[in-house]
Every structure is written in C-alpha cells, then in structure tokens.
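Chains as they are written, first to last, in my numbering: chain A, 14 to 416; chain B, 10 to 456.
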C-alpha cells in the first residue's frame with residue numbers, strides 16, 4: 014500500500030513564485046514563423062529582382078505562393094502535432110505501418126503526391142508541343158495509331174504501321190506529344206494544390222465555427238448553425254461557374270468557392286462532438302480549475318473528436334480532388350494547368366466535354382494509355398486519401414496500441 | 010472544528026430558465042437548487058444526500074463556480090466566490106477541487122495519466138516539465154499507484170484505479186476543499202471501500218475538507234461527519250451523520266433509509282413513499298415539497314379516521330394526482346361513451362377501484378366516505394381529472410399550504426449534545442407556532 018507516514022506533506026508549491034509565463038516558443042509556432050518568413054523573403058526577392066523568373070525559368074504564380082503558405086500551415090499545425098503524438102506511442106511507427114501495409118502504401122503515395130506538389134514548380138513549364146510524336150504507346154505495348162515519327166520499333170506495312178513503345182516515352186504520349194509521365198506529375202501537382210490549400214483553409218475555419226457554436230451555445234449556436242445550413246444549400250459548382258464567367262478559369266477561384274462553401278459539414282460534425290463532450294468529467298474538472306474555453310477545446314475536445322473529424326476531413330479532400338478533376342474534364346480549367354481530369358477528357362472523345370475542351374479524334378480504346386493512366390492515378394489518390402484518413406485516426410487513438 | 014468554515018453557502022439558488030422561440034422568451038424555470046445553506050468546516054467531511062434530481066450535483070457545481078448562482082452566495086475562506094478576480098480567483102481554483110462521478114469520463118482518454126494529473130499544474134502555469142513529472146510521480150505513489158503509470162493511458166486502468174488517478178489530480182494542487190460528486194457510485198463494493206478509505210486517509214493527512222455528494226447512505230455513513238439531506242432543491246434535514254441516520258426526523262430521510270435493504274420488516278412501513286414519481290422541479294409542489302410522496306403527511310384537522318386509513322386515502326389521492334394508479338383502478342373513457350359500454354363497464358365499478366387502492370371498507374367519517382366514493386366512481390368512468398379535483402377538495406393537508414421552516418431536530422433520548430441539526434417538517438413544528446415541538450426553538454440554530 015502507499016507510503017503514508019514518512020512524509021506527511023508532499024511538495025507544496027508556492028504559487029506566488031510560479032509566474033503565469035505563457036510559453037511563447039512551441040515547435041508549431043516556430044515552424045509557422047520560419048516557413049512564412051522564408052516565403053516572404055523569396056517573394057520579396059522575386060519582386061525586387063528585375064526579371065520575371067525566380068531561378069532559371071521558374072516563375073511562380075499566385076496559386077504557387079498560396080500553396081506554399083498553406084503547406085506551411087498544414088506542416089506546422091497538422092504534421093508537427095501529429096508527429097509529437099506519435100512519438101509518445103509505445104509502438105514504433107515502423108511496426109505500426111508494417112502491420113498495416115495498406116496504410117503504409119497510402120501514406121507513401123500521399124507523401125509522393127505532396128512532394129511533387131512542392132517540387133512541382135521546379136520541374137519547369139510544359140514541354141514543347143511535338144505533334145509528330147503523338148500517341149506513342151507505353152513501353153511494352155504497341156499502337157495502331159502510330160505517330161508520324163515513331164521512335165520505337167516499327168512493324169507492319171506502310172498502311173498498317175504499328176509503333177511499339179520506346180524508353181524515350183516510357184508511359185507513352187498524348188496527342189500533343191506530351192509524355193504521360195509529365196502529365197501524371199503535373200496532375201499530381203494540381204491534386205496536391207487542391208488538397209493542401211483546402212485543408213489549410215477549411216479545417217481551421219470549420220473547427221473554429223464548430224467549437225464556438227458548441228461551447229457558447231444559445232443564440233451564437235443558433236445563428237452559426239443557421240448560417241451553416243444556409244451555406245450548405247448554395248451549390249459551390251454554380252458559384253464557380255458564375256465566377257468563371259467573370260474572371261475566366263482559375264484554380265484559385267475553384268478552390269476559393271469550394272473552400273468557402275464546403276466547410277459547413279465539418280463544422281457541424283465538430284459542433285456535435287463539442288456538445289457531446291462538454292459535459293464530460295474531464296472537461297468539468299478542467300473548467301473548475303479555471304481553464305478557458307479555448308484551452309478545453311484545444312486540449313480536450315479536438316483531440317477527442319479526431320475519430321470522426323480526421324476521416325471526414327480526408328474524405329472531403331478526396332472529394333475536392335475529384336471535383337477539380339470533374340471541372341477540368343468539362344474543360345472549365347486553366348489550359349496551362351494539366352489536371353488528370355483534362356488529360357482524361359482530351360484523350361477520350363467525350364461528347365459531354367465543354368466547347369473549350371479538346372477532344373480526341375481517335376476512339377479511346379486505341380489510345381487507352383492516355384486516359385487510363387491518369388484515371389488510375391485519380392483513383393489511387395482517392396483510395397489513398399481515404400485509407401490514410403483511417404490510418405491517421407487509428408494512429409491518434411491510444412486505445413489502438415494494444416491490438 | 011475551529012475558526013471560520015472553509016466554505017459557506019447561504020440561501021443558494023440555481024434556476025435554469027426554460028426558454029422558447031427565437032427570442033428565448035422565458036416560459037418557466039427549473040428550480041434545481043432553491044435556497045440551500047450549509048457550511049463546510051475545515052477538515053470535515055460533509056455529505057449531501059438525495060435522490061437523482063434533488064439538485065445535489067448542481068449544488069456541488071455551483072459551489073465550485075462551474076455554474077453561476079441565480080441567487081445567494083458561496084463564500085470560500087470568507088471571500089464571496091463570485092467576486093474573486095485575478096490571482097485570488099486562481100487561488101480559489103486551486104484550493105477547491107472536483108472529483109467527478111464516473112471514473113470512465115473523469116480522465117481524458119487521449120491524455121496519459123501523467124498529463125492528466127499534471128493538468129492542474131499546467132493550467133496554473135507550472136511550465137517546468139521535470140518538476141511536474143516529479144510531483145506527479147510522488148502523488149501517484151501516495152494514492153496507491155506507481156510512478157511508472159504516468160506514461161500509460163486511462164483505458165489501461167480499472168475503475169478503481171481511475172478514481173485513484175482522479176483523486177491524485179485533485180490533490181496535486183494541495184487543495185483545502187475537495188468536492189466529490191458521487192465518487193464511488195460506479196464502483197463495486199470492495200473497490201468502493203478502498204476509495205473511501207483513501208479519501209478518508211487523505212482528508213486526515215492533509216486536513217482537507219471533503220464535500221461528499223451521494224445518493225448512497227452507506228457512503229455517507231462511512232465517511233461523513235455531518236449530513237444534509239436534499240429533496241427537490243431544498244435541504245430537508247441536517248445534522249451529525251450518526252444521529253440523523255440513527256434517528257431520522259424527516260419522513261424523506263426515513264424513505265431514503267428504508268430504500269437501503271434492511272432485515273427488519275418493521276422498518277419498512279413508514280419508509281415507503283406514497284408515490285414513486287419525483288415531481289418536476291420546474292413546478293414543485295406547494296407547501297412542503299415532499300407532501301405528495303410523504304408517508305407521514307399530516308391529515309386534515311377535521312378528518313376522523315385511523316392513521317393507516319389516512320395513509321391509504323393520502324396514497325389514493327396523490328397516486329391519482331401523479332397518474333400512478335394501478336391498472337385495475339382506472340376505467341376506459343372510450344368504452345363508456347361507445348356502443349359497447351356494458352361490456353367494458355361491468356369490470357370497473359367504484360367498488361373495484363376502491364378495492365384496488367385498498368379503501369374497500371366504508372370509512373367512519375361520512376364526508377371522507379362520500380369524497381372517496383365520488384372519486385372512485387369518477388375513476389371507474391375513466392375521468393381522472395374529476396377524481397383528482399374531488400379528492401383535492403376533500404382532503405387538504407396542512408403540508409400543501411404551508412412551507413415548513415427549519416427547526417431543531419428533536420434531541421435523542423439521553424443525548425449529550427445540545428444541537429443535533431435541523432429538520433424542515435411540519436410534524437416537528439412550525440417556527441413560532443404553538444404546535445412546535447420546541448416553541449422556544451430558533452430556526453437555523455447550528456452553532
């Protein structure tokens with residue numbers, strides 16, 4: 014049984030000595046400040062330097078800066094807290110991932126996607142048009158609609174030429190002679206932009222609204238909930254088309270309309286979690302100790318809501334990738350940004366594509382690689398996001414350690 | 010018990026408004042706590058006991074400042090809690106600690122035990138993690154756990170261990186008062202007694218006052234020096250635990266006591282409430298709030314029946330009022346008006362109703378007999394409201410009209426102590442009236 018008589022009083026703290034020193038330097042804040050400072054510096058450098066190019070022929074656009082800022086926010090307040098939490102776990106990350114290969118694969122895929130997003134601008138602009146190299150098949154396959162100038166082995170007669178794949182274009186080319194490897198990476202970059210920017214924008218907004226509505230209750234809750242309900246009734250796609258009519262195609266516009274209008278569902282989820290948890294014993298104890306609402310939300314309610322919140326957020330991000338691909342499939346995207354959706358659409362003679370969209374003159378099955386590969390990449394992205402969402406949820410739940 | 014009480018509560022009220030519509034117009038209020046006063050002396054254990062819905066948890070939360078009182082005052086160490094600001098408020102937050110009922114939601118499942126126990130230190134600005142860890146390890150050992158447990162998560166512990174962790178968390182800031190809200194209701198008997206022992210030991214060792222809130226008289230009997238019995242937001246009886254539980258003066262205390270299984274069948278007769286429904290605190294009964302359930306409700310002065318008959322009448326009356334009648338006692342109004350009236354009507358006559366409620370025999374008092382017969386006939390016809398009105402008009406107890414004031418508990422035979430607490434029941438007298446047991450008795454004497 015416990016020691017009783019040896020020391021009648023445990024360490025008695027002199028609270029007058031303990032200053033209420035709010036710690037100002039945390040890993041999260043440091044990462045955020047350093048990241049934002051770096052971005053600002055580079056931006057200022059580009060602004061001050063004479064030429065339009067930053068380094069080499071790299072010329073970042075607004076959307077690139079927004080992405081870098083969003084990536085900093087996500088890294089500081091998503092990745093770092095997550096890593097901190099993982100470090101306290103008794104099961105090592107490696108073991109945990111080995112036990113769940115699907116999650117390991119998904120995280121590798123998403124990590125690759127994000128890396129491409131960050132490194133994307135360094136890849137340079139689009140490769141030159143080479144119509145005479147159009148429709149090279151991938152390595153190991155043959156094409157019956159051969160390019161004018163086949164770089165691989167050619168078989169057949171003059172009128173039924175068959176072009177075999179070449180290592181020059183390992184995944185083949187589309188009708189502009191763009192290598193599919195490049196198109197897939199460019200599409201991955203677009204997908205990474207979509208996910209990171211919306212995550213950095215939607216999650217804090219939804220969490221803030223949900224927490225305020227749930228903790229305050231009363232009129233504040235009524236007003237915020239009513240606003241969210243109204244907002245959920247406005248179709249974001251329609252708003253994008255209206256904006257499109259005024260400003261033309263823009264990825265940033267798409268992200269802004271969907272970001273502004275789609276956080277309502279997550280906010281509702283957060284609110285219901287808050288209402289469910291605000292009466293729990295540990296919340297009462299924290300409040301009786303004088304903890305503020307913000308403290309309770311940050312330390313108790315949000316960490317306990319991750320079971321519903323994390324999969325929902327990942328699902329929403331996957332949905333955004335799909336929506337962007339859909340908009341691009343219809344041709345309402347910037348011509349210069351290669352989205353998987355537009356690549357699919359260009360390579361299939363889809364009658365539904367918008368007037369602006371180019372259409373393939375060949376039946377899709379003859380040039381299958383040009384639409385199947387981006388479609389596979391899109392599917393893999395959706396699956397990876399959903400699987401990773403579940404993986405992150407499980408990783409955050411300490412009850413998972415025992416299994 | 011010397012000096013000022015550590016915590017003193019005066020005429021505390023907490024009402025929750027019931028609002029309707031967008032403008033939140035108040036249409037009523039739930040009187041969760043309605044005029045409660047008590048003192049917690051330094052180092053003593055005071056128990057507040059009552060059924061669920063009696064307002065005892067709300068009282069506990071209001072004492073801690075978790076709820077803003079509607080009226081009344083809570084003083085902690087002489088200072089009104091609601092007026093504390095800044096440093097003084099922080100000091101109060103440290104000196105008064107809460108232990109919640111359910112060990113499963115007392116600890117955040119996403120925090121390690123060490124983090125949870127260190128949380129009070131952290132909230133109050135102790136940033137030095139090493140110092141926090143040292144304090145936590147020490148205190149975990151004092152409550153019977155190991156310092157190594159700090160890195161584990163709550164789900165790895167049993168209910169009793171979790172409650173020990175809760176106690177450790179409350180102790181970590183060296184409090185003067187611990188409010189324990191049903192600290193053992195979710196535990197089995199053996200673990201419960203361990204936890205109560207631990208609380209007792211800590212109370213004596215560190216001279217901490219404990220306010221126990223419980224529905225369990227055994228817990229109170231075991232751990233508390235004094236007890237206050239709450240019913241529907243009011244304290245109905247208070248006094249030293251031994252004397253109140255050995256010799257309860259208020260009928261409600263007897264009801265509570267008899268709900269604890271007993272081997273002596275004679276205990277039970279006075280201890281059964283007339284009805285089981287606890288009235289809605291948004292519309293508490295007039296007069297004495299316990300009167301619709303009171304097995305000892307005072308008969309009208311002009312009624313001349315035996316005590317047991319009166320209890321049957323009162324039971325009949327308040328069962329009708331609460332809508333708690335046995336099935337055999339209410340007719341079906343549909344079948345009376347319908348074509349098949351004779352078929353359904355044959356089973357339900359005034360006589361069957363009277364038999365079902367135990368008033369089959371004719372009453373000696375003619376007025377009472379007429380009223381009971383009328384009410385039974387109305388019930389047989391399915392008209393509960395008419396029966397209720399008839400009975401209410403015929404049998405009006407003084408308990409409905411007059412709210413009892415707190416008077417001194419009748420002293421035990423041969424008791425040494427001068428004061429044994431107070432009781433609020435008209436059976437024990439109204440302050441200042443001739444009926445009072447002790448006419449010179451001063452309400453609210455508890456010096």
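We treat Cβ as the ideally placed atom computed from N, Cα and C, and that holds for glycine.
- Put simply, the backbone Cα of residue 94 of chain A is about 51 Å away from that of residue 250 of chain B.
- Per the C-alpha coordinates, the member of B:300, B:248, B:241 positioned closest to residue 260 of chain B is B:300.
- Taking the Cα of residue 308 of chain B as reference, the smallest distance to any Cα among B:243, B:410, B:68 is reached at B:410.
- Burial is judged here by how many other beta carbons sit within 10 angstroms of a residue's own beta carbon; residue 37 of chain A has fewer than 16 and is exposed.
- The beta carbon of residue 245 of chain A is closer than 6 Å to those of 277 in its chain, skipping five residues each way along the sequence.
- According to DSSP, residue 247 of chain B shares a beta bridge with B:237, B:431.
- Taking C-beta separations shorter than 6 Å and ignoring five residues to either side along the sequence, the partners of residue 87 of chain B in its chain run 13, following chain order.
- For residue 284 of chain A, none of the residues of chain B pass the 7 Å Cβ criterion, the least Cβ distance being about 19 Å.
- B:326 is the residue among B:360, B:419, B:368, B:326 whose C-alpha sits nearest the C-alpha of residue 403 of chain B.
- Distance check between residue 408 of chain A and each of A:392, A:142, A:393, A:319 places A:319 closest, using alpha-carbon atoms only.
- DSSP, reduced to helix, strand and coil, places residue 290 of chain A within a helical segment of the structure shown.
- Within the same chain, and ignoring the five residues on either side of residue 355 of chain A in sequence, the residues whose Cβ sits closer than 6 Å to its Cβ are 341, 346.
- In the assembly as shown, residue 181 of chain A is an exposed residue. Its beta-carbon has fewer than 16 other beta-carbons within 10 Å.
- Taking all protein chains in view, the Cβ of residue 122 of chain A is crowded by 16 or more other Cβ atoms within 10 Å, so the residue is classified as buried.
- Listed in chain order, the alpha helix (DSSP H) elements of length 4 or more contained wholly in the segment 288–344 of chain A are 294–301, 306–309, 315–342.
- For residue 26 of chain B, the enclosing beta strand (DSSP E) covers residues 16–29.
- Taking a C-beta distance under 8 Å as the contact criterion, residue 169 of chain B and residue 132 of chain B do not qualify as a contact pair.
- Looking at the DSSP output, residue 47 of chain B bridges to B:18.
- Counting only residues of its own chain and dropping the five nearest sequence neighbours on each side, residue 115 of chain A has a CB closer than 6 Å to the CB of 400.
- Of the candidates B:63, B:102, B:92, B:102 places its Cα closest to the Cα of residue 73 of chain B.
- Spanning the alpha carbons of residue 295 of chain B and residue 379 of chain B requires a straight line of approximately 26 Å.
- Taking every protein chain shown into account, the CB of residue 353 of chain A has 16 or more other CB atoms within 10 angstroms, so this residue is buried.
- Against chain A, a Cβ distance below 7 Å from residue 111 of chain B picks out 294.
- In the DSSP assignment, residue 177 of chain A falls within the unbroken beta strand (DSSP E) covering 175–177.
- Taking a contact as a CB-CB distance under 8 Å, the pair residue 329 of chain B and residue 374 of chain B does not count as one, their CB atoms being some 19 Å apart.
- DSSP places residue 147 of chain A in the coil class of the three-state scheme, outside both helix and strand.
- Judged by DSSP in its simplified three-state form, residue 215 of chain B adopts helix.
- With a threshold of 8 Å between beta carbons, residue 291 of chain A makes no contact with chain B.
- Each of B:371, B:419, B:44, B:53 was checked against the Cα of residue 71 of chain B, and the nearest Cα belongs to B:44.
- For residue 195 of chain B, no chain A residue has a Cβ inside 8 Å of its Cβ, as the nearest lies near 11 Å away.
- Contact between residue 413 of chain B and residue 434 of chain B holds: their C-beta atoms lie close to 5 Å from each other, under 8 Å.
- In terms of beta-carbon proximity, residue 99 of chain B lines the interface with chain A, with at least one pair separated by less than 8 Å.
- With contacts defined by Cβ atoms closer than 8 Å, residue 131 of chain A and residue 208 of chain A do not form a contacting pair.
- The shortest CA-to-CA distance from residue 118 of chain A to any of A:45, A:79, A:402 is the one to A:402.
- Against chain A, a Cβ distance below 7 Å from residue 73 of chain B picks out 301.
- If you draw a straight line from the Cα of residue 257 of chain A to the Cα of residue 263 of chain A, it comes to about 8 Å.
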